[in-house]
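Q: Just dropping this structure here.
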Amino acid sequence: MTAVQGAPRLSLVIPMYNEERNIPALFARVFAVCAKLPFAFEVVCVDDGSKDATAQLVRTAQEANPQLVLVQFARNFGQHAAVTAGFAHARGDWIITLDADLQNPPEEIPNLVAQFEAGFDLINTIRLGRQDTWFRKTASRWTNQLVRRISGIKLSDFGCMLRGYSREVAKAIVACREYKTFIPALATLFARRPVEIGVGHAAREIGVSNYSFLKLLSLQLDLITSFSVSPLRLLFGLGALSGLLGVALGLLLLVMRFMYGAEWAANGALTVLGILLIISSLQFFAFGLLGEYIGRIFQQVRLRQPYVVQTVERRGEAIEHPQTVVDA
Ligand code: UDP
Ligand code: MG
Numbered sequence: 389m390t391a392v393q394g395a396p397r398l399s400l401v402i403p404m405y406n407e408e409r410n411i412p413a414l415f416a417r418v419f420a421v422c423a424k425l426p427f428a429f430e431v432v433c434v435d436d437g438s439k440d441a442t443a444q445l446v447r448t449a450q451e452a453n454p455q456l457v458l459v460q461f462a463r464n465f466g467q468h469a470a471v472t473a474g475f476a477h478a479r480g481d482w483i484i485t486l487d488a489d490l491q492n493p494p495e496e497i498p499n500l501v502a503q504f505e506a507g508f509d510l511i512n513t514i515r516l517g518r519q520d521t522w523f524r525k526t527a528s529r530w531t532n533q534l535v536r537r538i539s540g541i542k543l544s545d546f547g548c549m550l551r552g553y554s555r556e557v558a559k560a561i562v563a564c565r566e567y568k569t570f571i572p573a574l575a576t577l578f579a580r581r582p583v584e585i586g587v588g589h590a591a592r593e594i595g596v597s598n599y600s601f602l603k604l605l606s607l608q609l610d611l612i613t614s615f616s617v618s619p620l621r622l623l624f625g626l627g628a629l630s631g632l633l634g635v636a637l638g639l640l641l642l643v644m645r646f647m648y649g650a651e652w653a654a655n656g657a658l659t660v661l662g663i664l665l666i667i668s669s670l671q672f673f674a675f676g677l678l679g680e681y682i683g684r685i686f687q688q689v690r691l692r693q694p695y696v697v698q699t700v701e702r703r704g705e706a707i708e709h710p711q712t713v714v715d716a
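Spelled out as structure tokens, the structure:
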């Protein structure tokens, strides 16, 4: 079956980092699925500074598949930067992201398309039967829970990269120009009608994960710090705790002094501890106060859009859609 020609309605965005061995099977499965779609599509491959033949393989495949677009980074900037660049260059109304290592089955694409057709503008996903190590699954469960609590973003699975974004949501993400962000979480801020669906997940058959323990930790920290300043507020909590302990110890010492005399309380050593606790509580409060201001500076410099206008309507005039003006 030959694919429909013309301006693409669907753009696939695939970040690739040293994935030369996965590309043949990836393209075979992606094109088998997409050729059956009743509209035109494109496949935007973002080569995130691969050191292997990834970009060359995409270029070669372009000869037979004009739907392929190659965006090549000068060096490795990370998966989320690669996806953002893919959004900036995608021309479709609907954008679906997926991993190049076939952990996200391309056969799920029609299920995401069906959600776009039903009018949803952000298709969040939950990996059903996730095929990763016990460590990865446990770490994700904890981070998902923590991020849900501190950011108020109620997603079941932040980490699945097989997701759907309307062009408007994707362009709003590009317009944020955020440094080190986490796209699935950021997208929720701009969606009008989000939905969450289950998708399949496979083990990585070829190669190993690009995320070492340290890189994974850094990614989870990006997720937490990009969407909440609560870690800074924790300093106030620590200050209050230290102050309470200091005051409680002081009171205890006072009572014991009257009951058992001056030789009690290790000749003043415990008094010093009580005073230290109170002084350190003042320091924590001072850090917390600085943290409040730094948090505000951080939120301000991020230049995240404070709101998204969908339409502007004036009596007797055509409806404006300012959101589409948000352009990269
Ligand atoms: N990836 C990328 N840049 C990176 C790391 C990963 O573009 O610095 C791509 C990678 O090629 C794959 C996807 O992001 O398509 C997910 O990466 P990986 O499979 O290594 O991560 P995991 O599935 O273990 O989370
Ligand atoms: Mg993977």
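Numbering (the working numbering), first residue to last: 389 to 716.
Ideal Cβ positions, reconstructed from N, Cα and C, are used throughout, including at glycine.
1. Exposed or buried, which one is T472 when buried takes at least 16 other CB atoms within 10 Å?
2. What is the rounded straight-line gap between the Cα of E495 and the Cα of L620?
3. Tell me which residues share the same chain as I571 and place their Cβ nearer than 6 Å to its Cβ, disregarding the 5 neighbours each side in the sequence.
4. Please report the distance separating the alpha-carbon of G627 from that of P694.
5. With distances taken from CA atoms, which of A573, A563 and Q519 is nearest S544?
6. State the Cα-Cα distance for the pair A674 and M644, rounded to the nearest angstrom.
7. With 16 as the cutoff for other CB atoms within 10 Å, does A652 come out buried or exposed?
8. Using only the alpha-carbon positions, how far apart do L611 and I663 sit?
9. Once DSSP output is grouped into helix, strand and coil, what is the label at D610?
10. On the CB-based measure, 16 or more other CB atoms within 10 Å of its CB, does V596 come out buried or exposed?
11. Between the alpha carbons of F461 and N499, how many angstroms are there, rounded?
12. F672 to L605, Cα distance in whole Å?
13. Ordered along the chain, which non-local residues of its own chain (more than five positions away) have a Cβ less than 7 Å from that of T712?
14. Excluding five sequence neighbours on each side, which residues of the same chain lie with their C-beta closer than 6 Å to the C-beta of V392?
15. Got a sec: does the ligand UDP put a non-hydrogen atom nearer than 6 Å to the Cβ of D440?
16. Pop quiz: N512 and P582 are said to be a contact at Cβ under 8 Å. What is the actual Cβ separation, rounded to whole angstroms?
A: Let me spell this out:
1. Residue mapping note: residue 472 aligns to position 84 of the sequence shown, counting from 1. Classification of T472: buried, given that the 10 Å Cβ count is 16 or more.
2. Position 107 of the sequence shown holds residue 495. Position 232 of the sequence shown holds residue 620. If you take the alpha carbons of E495 and L620, they lie about 43 Å apart.
3. Here residue 571 refers to the residue found at position 183 when the sequence shown is read from its first residue. Setting aside the 5 residues that flank it on each side, I571 is surrounded in the same chain by H468 and V471, each with a C-beta closer than 6 Å to its C-beta; the list follows chain order.
4. The residue labelled residue 627 in the question sits at position 239 within the sequence shown. The residue labelled residue 694 in the question sits at position 306 within the sequence shown. Whole-angstrom Cα-Cα distance: 32 Å.
5. Along the sequence shown, read from residue 1 onward, the residue named residue 544 stands at position 156. For S544, the nearest C-alpha among the options comes from A573.
6. Locating residue 674 in the sequence shown gives position 286, where the first residue counts as 1. Locating residue 644 in the sequence shown gives position 256, where the first residue counts as 1. In a straight line, the C-alpha of A674 is about 32 Å away from that of M644.
7. Numbered from 1 along the sequence shown, position 264 holds the residue referred to as residue 652. Checking the sequence shown, residue 652 turns out to be Trp, not Ala. Exposed is the call here.
8. The count along the sequence shown starts at 1 and reaches residue 611 at position 223. The count along the sequence shown starts at 1 and reaches residue 663 at position 275. Roughly 38 Å between the two C-alpha positions.
9. Here residue 610 refers to the residue found at position 222 of the sequence shown. Of the three classes helix, strand and coil, the one that applies to D610 here is helix, per DSSP.
10. In the sequence shown, residue 596 corresponds to position 208, counting from 1. Exposed, because fewer than 16 other Cβ atoms sit within 10 Å of the Cβ of V596.
11. Here residue 461 refers to the residue found at position 73 of the sequence shown. Here residue 499 refers to the residue found at position 111 of the sequence shown. If you take the alpha carbons of F461 and N499, they lie about 30 Å apart.
12. Reading the sequence shown from its first residue, position 284 is the one you call residue 672. Reading the sequence shown from its first residue, position 217 is the one you call residue 605. Distance between the alpha carbons of F672 and L605 is about 26 Å.
13. Taking the sequence shown and counting its residues from 1, the one referred to as residue 712 is at position 324. For T712, the predicted structure reports a pLDDT of 44, less than 50, and the residue's modelled location is therefore unreliable. A value from the coordinates is still provided. Cβ within range, chain order: E556.
14. The residue you call residue 392 lines up with position 4 of the sequence shown. Cβ neighbours of V392 beyond the five flanking positions: F427 and A428.
15. Counted from its first residue, the sequence shown places residue 440 at position 52. The answer is no for D440.
16. Sequence index remark: in the sequence shown, residue 512 carries index 124 (1-based). Sequence index remark: in the sequence shown, residue 582 carries index 194 (1-based). Contact flag correct, Cβ pair sits at about 6 Å.
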